[in-house]
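Enquirer: Before I ask anything, here is the structure I am working with.
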Amino acid sequence: MRKVLSGGKFYIAPAADRDKDQTFFLWGLKQDILQRMLLPMGNLLKSDARAYAAAHGFEWVATKKDSIGVCFCPLDYRSFLRREVPAGQLPGKGRLVDEDGALLGWHEGYPFYTIGQRHGLGIHLNRAVFVKEIRKEENEVVLAPLASLYKNEMRLKEWNLMEEKKY
């Protein structure tokens with residue numbers, strides 16, 4: 147992501163590398179934080195950053211595996227939850243179902259899944275499926291094809307408006 151100054155205000159703008167952009171994560175930052183924030187990699191593609199690192203002797207950075215999930219968590223988030231949540235407070239085994247409620251398999255507890263997740267579902271079907279919905283009360287995880295995750299509306303609770311500009 148990048149930081150841009152427009153009309154005397156700072157805004158978060160999409161990164162040059164759209165595949166690595168995470169502007170959605172910082173939507174709530176206010177001006178006092180944005181004005182001090184540095185985002186030195188926002189104008190680079192990840193491949194360019196890796197090439198720069200390799201050319202300057204940082205081979206371990208240039209070749210390290212991309213992070214997936216909660217990148218600031220030292221372990222994967224499942225291990226983090228198992229370690230940090232007191233015993234007996236995580237829901238146990240539950241149902242993996244399709245959009246019609248048909249049983250597809252079993253999961254280890256809904257907190258271990260996120261909307262949009264495709265990998266690490268613990269089930270192998272002959273088609274790609276993604277987590278569409280998490281039903282906490284039933285401890286069910288709904289799996290569906292990618293097209294079922296598309297939405298044409300959303301509800302906003304807290305938000306910051308930007309000027310209507312393309313950055």
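Going left to right, the sequence shown walks through residues 147 to 313 as this note's numbering numbers them. C-beta: ideal position from N, C-alpha, C; glycine also.
In chain order, what residues of the same chain lie with their CB nearer than 6 Å to the CB of Arg-196, ignoring the 5 residues before and after it?
Expert: Excluding residues within five positions, the ones whose Cβ falls inside 6 Å are Ala-208.
Enquirer: I need the boundaries of the beta strand (DSSP E) containing Tyr-157, first residue and last residue.
Expert: Tyr-157 -> beta strand (DSSP E) spans 155–159.
Enquirer: Taking 6 Å as the limit between beta carbons, can you name the residues of its chain near Ala-290, skipping five residues before and five after?
Expert: Answer for Ala-290: Glu-245, Lys-278, listed in chain order.
Enquirer: Using only CA atoms, which one of Gly-251, Ser-294, Ala-199, Val-287 lies nearest to Met-187?
Expert: Nearest of Gly-251, Ser-294, Ala-199, Val-287 to Met-187, Cα basis: Ala-199.
Enquirer: Looking at the secondary structure, which residues open and close the beta strand (DSSP E) in which Ile-269 lies?
Expert: No beta strand (DSSP E) holds Ile-269; DSSP gives it neither H nor E.
Enquirer: When burial is assigned at 16 or more other CB atoms within 10 Å of the CB, is His-253 buried or exposed?
Expert: His-253 should be labelled buried.
Enquirer: Sorted by chain position, which residues of the same chain lie with C-beta nearer than 6 Å to Gln-263's C-beta, five sequence neighbours on each side aside?
Expert: Val-277.
Enquirer: If you drop the 5 nearest sequence neighbours on each side, which residues of the same chain put their C-beta closer than 7 Å to that of Met-183?
Expert: These residues qualify, in order along the chain: Lys-149.
Enquirer: Which whole-angstrom value is the C-beta distance of Asp-165 and Leu-190, which I expect to be below 8 Å?
Expert: Not quite, the Cβ-Cβ distance comes to about 12 Å (not below 8 Å), so this is no contact.
Enquirer: Pull the bridge partners of Ser-152 from the DSSP assignment, please.
Expert: Ser-152 pairs with Lys-155.
Enquirer: To the nearest whole angstrom, what separates the beta carbons of Asn-285 and Gly-240, a pair I think is in contact under 8 Å?
Expert: Contact flag correct, Cβ pair sits at about 3 Å.
Enquirer: Could you check if Met-147 is buried or exposed, using at least 16 other CB atoms within 10 Å of its CB as the buried criterion?
Expert: Flag for Met-147 reads buried.
Enquirer: Do you know how far the Cα of Val-243 is from the Cα of Pro-257?
Expert: Their backbone Cα atoms lie some 16 Å apart in a straight line.
Enquirer: For Leu-250 versus Ile-280, is the C-beta distance shorter than 8 Å?
Expert: No, the Cβ-Cβ distance between Leu-250 and Ile-280 is not below 8 Å.
Enquirer: Taking 8 Å as the cut-off, decide whether the C-beta atoms of Tyr-259 and Val-231 are in contact.
Expert: Not in contact: Tyr-259 and Val-231 (Cβ atoms no closer than 8 Å).
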